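Here is the structure we will look at.
In this note's numbering, the protein residues as written are -5 to 62.
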């Protein structure tokens, strides 16, 4: 597998993980939900962050597809 294919594969896994985290976080109990806020590294809520990750991954896929 070429380096770019490995990168796209990893990005897709990242996107899928972000979506899974979003769903699990939404369904977490109150204590867990609130604990996840500690040291939260993003300036936007995770739902929005997951959407931005998804958009970024699609952009990268399209760019790599157009280069092949």
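Virtual Cβ for every residue (Gly too), placed ideally from N, Cα, C. Keep in mind the model is a prediction, meaning the values are calculated, not measured.
Check: Run of the alpha helix (DSSP H) containing residue 13, from where it starts to where it stops; Outcome: -3 to 20
Check: Counted within 10 angstroms of its Cβ, other Cβ atoms place residue 47 as buried (16 or more) or exposed; Outcome: buried
Check: Between the CA atoms of residue 13 and residue 54 - distance to the nearest angstrom; Outcome: 18 Å
Check: Straight-line gap, residue 3 to residue 25 (C-alpha atoms, nearest Å); Outcome: 34 Å
Check: Local conformation of residue 29 per DSSP, three classes; Outcome: helix
Check: Close Cβ partners of residue 19 (< 7 Å) along its chain, the five nearest in sequence each way excluded; Outcome: 27, 30, 40
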